[in-house]
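Note that our numbering has the sequence shown beginning at 254, numbered continuously upward. Even for Gly, the Cβ is constructed at its ideal location relative to N, Cα and C. Take a look at the structure below.
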Amino acid sequence: MRIVAGDWRGRNLVAPKGEATRPTADRTRETLFSMLASRLGGFEGLSVVDLFAGSGALGLEALSRGAAFCLFVEHDKDAVKAIRHNIAALEAQDRSAVQAGSVLSLGPARQAHELILLDPPYHTGAGAVALDRLARLGWIAPATWVALETASDESLSVRDFTIAAERKVGRAKLWLLRRTA
Numbered sequence: 254m255r256i257v258a259g260d261w262r263g264r265n266l267v268a269p270k271g272e273a274t275r276p277t278a279d280r281t282r283e284t285l286f287s288m289l290a291s292r293l294g295g296f297e298g299l300s301v302v303d304l305f306a307g308s309g310a311l312g313l314e315a316l317s318r319g320a321a322f323c324l325f326v327e328h329d330k331d332a333v334k335a336i337r338h339n340i341a342a343l344e345a346q347d348r349s350a351v352q353a354g355s356v357l358s359l360g361p362a363r364q365a366h367e368l369i370l371l372d373p374p375y376h377t378g379a380g381a382v383a384l385d386r387l388a389r390l391g392w393i394a395p396a397t398w399v400a401l402e403t404a405s406d407e408s409l410s411v412r413d414f415t416i417a418a419e420r421k422v423g424r425a426k427l428w429l430l431r432r433t434a
């Protein structure tokens, strides 16, 4: 697993040990960031949240492409170790924070973020549950872009969100969402 583009292009990332996480494939990440770039225009200066972060590859990809800050949220202790290792290896400590704990235990946001990345376990519905909660707690504003990865055979039903794009990539399906005003 490696960073696809940006300042850290080609740098390797470690994945957590065990079967508790499923890292997003490089090809899927490349497709996702291409979809996002066409809508955002770029990642420079963005405030990003990487939820169900696993190795942190999604958030680190955003940082590599110019995001100003990324909060990584992950509950698996081996995944948290991998995220911290990857942040240190890329010397990104000053542009990131790691919160060890469940996405569903997040409290009210200090501010909405510009990009929310979610890669929950497949076939659990955790992404839709997290979106509903985070929208109510101020993490997601109408201007926020939300990227959600599900299994390719999953459908998505989230209230108060509009599906801006949907694309299958291998075993994954990528969804880009906006909160309805």
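{"Check": "Pull the bridge partners of residue 416 from the DSSP assignment, please.", "Outcome": "430"}
{"Check": "Of the residues 303, 376, 372, 308, which one's Cα is nearest the Cα of residue 324?", "Outcome": "303"}
{"Check": "Out of 382, 351, 368, 421, state which residue places its alpha-carbon closest to the alpha-carbon of residue 292.", "Outcome": "368"}
{"Check": "Using DSSP with H/G/I as helix, E/B as strand and the rest coil, what is residue 286?", "Outcome": "helix"}
{"Check": "Is residue 301 closer than 8 Å to residue 235 when the C-beta atoms are compared?", "Outcome": "This structure leaves residue 235 out entirely; the chain is present only between 254 and 434."}
{"Check": "In three-state terms, what does DSSP make of residue 262?", "Outcome": "coil"}
{"Check": "Can you tell me whether residue 432 is buried or exposed, with buried defined as 16 or more other CB within 10 angstroms of its CB?", "Outcome": "buried"}
{"Check": "Quick one: using the 10 Å Cβ neighbour count with 16 as the cut-off for buried, is residue 280 buried or exposed?", "Outcome": "exposed"}
{"Check": "Using the Cβ count rule (16 or more neighbours within 10 Å means buried), how would you classify residue 327?", "Outcome": "buried"}
{"Check": "What three-state label does DSSP hand residue 300 in the structure shown?", "Outcome": "strand"}
{"Check": "Taking 8 Å as the cut-off, does the segment 380-395 touch the segment 347-367 (at least 3 CB pairs, one atom from each stretch)?", "Outcome": "yes"}
{"Check": "For residue 397, which option in 348, 403, 429 has the closest C-alpha, if you only look at C-alpha atoms?", "Outcome": "429"}
{"Check": "Taking the alpha-carbon positions, what's the residue 348 to residue 267 distance?", "Outcome": "19 Å"}
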